[in-house]
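Novice: Residues in the sequence shown are numbered from 64 upward in steps of one, following our numbering.
I have a structure here, written as C-alpha cells, and I will follow up with some questions on it.
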Amino acid sequence: MSTTTIPSPSAAAGGTGLTFSGVLRSEWIKFRSLRSTQLLLLFTFVAMVGVGTFAAWARGKAVERFMELGPAAVNGPGVSPSGSPKLTIDQAISAANANGLNIYGTPIAGIQMGVLILGALAVLLISSEFGTGMIRSTMTAVPKRLPTFFAKAIVLVVVSYVLTLVSAFVTFLFSIPIMSSAGITMSLGMDGVLSSILLGGVYVAGVALVGLSLGTLIRSSAGGIVVLVGLFFLLQIATQLLGLVPGDFWKYVGQYVPSVAGGRMLEIGDKAAFISPLSGGLIFLGWIVLVTVPAVISLKNRDV
64 MSTTTIPSPS AAAGGTGLTF SGVLRSEWIK FRSLRSTQLL LLFTFVAMVG VGTFAAWARG
124 KAVERFMELG PAAVNGPGVS PSGSPKLTID QAISAANANG LNIYGTPIAG IQMGVLILGA
184 LAVLLISSEF GTGMIRSTMT AVPKRLPTFF AKAIVLVVVS YVLTLVSAFV TFLFSIPIMS
244 SAGITMSLGM DGVLSSILLG GVYVAGVALV GLSLGTLIRS SAGGIVVLVG LFFLLQIATQ
304 LLGLVPGDFW KYVGQYVPSV AGGRMLEIGD KAAFISPLSG GLIFLGWIVL VTVPAVISLK
364 NRDV
C-alpha cells in the first residue's frame with residue numbers, strides 16, 4: 064500500500080524555503096527587466112559624462128585665465144594684471160581650487176545629475192508598488208517584509224555606486240586630453256582624484272538609499288521626490304539665506320545639510336571655519352540613518 068505526501072501550504076508557497084538570496088534575485092529581476100529603467104540608467108550615464116566633460120573644458124579655461132591674471136587671481140581684482148608675471152600652472156590650479164573649481168573633482172562634476180535621477184528612481188522603486196497595490200503581493204510572498212526592503216536597498220546601492228563609478232572613470236578619460244590642452248596633467252596620481260571618484264559613488268548610493276526610505280515612508284511618488292529634492296537641493300539654498308540672519312550660529316548651520324556635508328566628504332584638505340571631509344562623511348551618514356530607520360520601522364508595522 065502506497066501513501067502520497069502532500070507538502071504543507073507554507074512549503075509549497077516557498078514560505079519555509081524562502082531565502083534572502085531568493086528575495087534579492089527577485090528584486091534584481093524586477094529592477095532590470097523594465098525597459099524604462101534601462102533607458103533611464105543609460106540617460107543618467109550619458110548626462111553625468113556629458114556634464115563632467117563640459118566641466119573639464121570650463122575648468123581648463125578657468126585655469127588658463129588664472130595664469131593670465133597673475134597675482135590678481137590670488138590677491139583679488141584690486142591688483143592689476145598689467146605687467147605682472149603669470150602664475151605657474153600649479154599656482155593657477157591652486158587658485159582655481161580656492162575658488163571652488165576643484166580640478167581634482169572634475170571626474171565627478173556631473174554627480175548632481177546622478178543624485179537627482181537615481182534618487183528619484185529609488186523613490187519610484189517602492190512608491191510605485193504602494194500606488195498600484197503590488198506591494199500587497201510582494202509582502203504576501205515575503206511576510207517578514209524587511210528582507211524586501213533590504214533587497215531593494217542592495218540593488219539600488221550597488222547599481223548607483225557602479226554606475227557613478229563607471230561614469231566618473233569615463234569622464235576622467237575624456238578630461239585627460241581636454242585638461243592637457245590647458246597644460247594640466249590629469250592623472251589618478253593627482254591628489255584627490257581617485258578618492259573623489261570612489262567616494263562619489265558612495266555619495267550617490269547614499270542618496271539612493273535615502274530616496275528608497277522616503278518612498279517607503281511617504282508612499283507617494285510625487286511626495287517622495289519633492290521631499291528628496293528639498294533635502295538635497297532646496298535645503299542648501301534655504302540655509303544660505305539663513306546666513307543673512309545676525310548671529311554666528313546661522314552662518315555655519317548650512318554646513319550640516321545633507322548635500323553640503325556629502326559634498327564636503329568628496330573634497331580634500333581643511334577649510335577655515337568649515338567642517339572636515341571626515342566630519343562631512345559622518346554627518347551624511349547620520350542623515351541616511353535618520354531617514355532609513357523610521358522607514359524600516361514604518362514598513363514593519365504599518366498596513367500595506
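Ideal placement from N, C-alpha and C gives every residue a C-beta, glycine not left out.
Using the C-alpha atoms, what's the distance from residue 132 back to residue 141?
Specialist: In this prediction, residue 141 scores a pLDDT of 49, lower than 50, which makes its location untrustworthy; no coordinate-derived value is stated.
Novice: To which residues of the same chain is residue 224 closer than 8 Å at the C-beta, ignoring the five residues directly before and after it?
Specialist: The residues are 264, 265, 267 and 268.
Novice: Out of 157, 328 and 184, which has the shortest C-alpha to C-alpha gap to residue 101?
Specialist: 184
Novice: Pull up the distance between the alpha-carbon of residue 272 and that of residue 88, whole angstroms please.
Specialist: 18 Å
Novice: Using CA coordinates, which residue listed in 253, 125, 182 and 358 is at the minimum distance from residue 285?
Specialist: 182
Novice: For residue 229, I'd like the list of residues in its chain whose CB is within less than 8 Å of its CB, leaving aside the five on either flank, ordered along the chain.
Specialist: Same-chain partners within the cutoff: 108.
Novice: Start and end of the alpha helix (DSSP H) containing residue 224?
Specialist: 209-243
Novice: Pull up the distance between the alpha-carbon of residue 259 and that of residue 203, whole angstroms please.
Specialist: 42 Å
Novice: Could you compute how far the alpha carbon of residue 216 sits from the alpha carbon of residue 117?
Specialist: 32 Å
Novice: Taking the straight line between their C-alpha atoms, what separation do you get for residue 349 and residue 317?
Specialist: Near 15 Å, if we compare the C-alpha coordinates of residue 317 and residue 349.
Novice: Out of 351, 276 and 323, which has the shortest C-alpha to C-alpha gap to residue 361?
Specialist: 276
Novice: Are residue 354 and residue 280 touching if we call contact CB-CB under 9 Å?
Specialist: Less than 9 Å divides the Cβ of residue 354 from the Cβ of residue 280.
Novice: Compute the distance between the beta-carbons of residue 234 and residue 242, then report whether it is under 9 Å.
Specialist: no
Novice: What runs of the beta strand (DSSP E), each 3 residues or longer, lie entirely inside the segment 255-297?
Specialist: Within the segment 255-297, no run of beta strand (DSSP E) reaches 3 residues while sitting entirely inside it.
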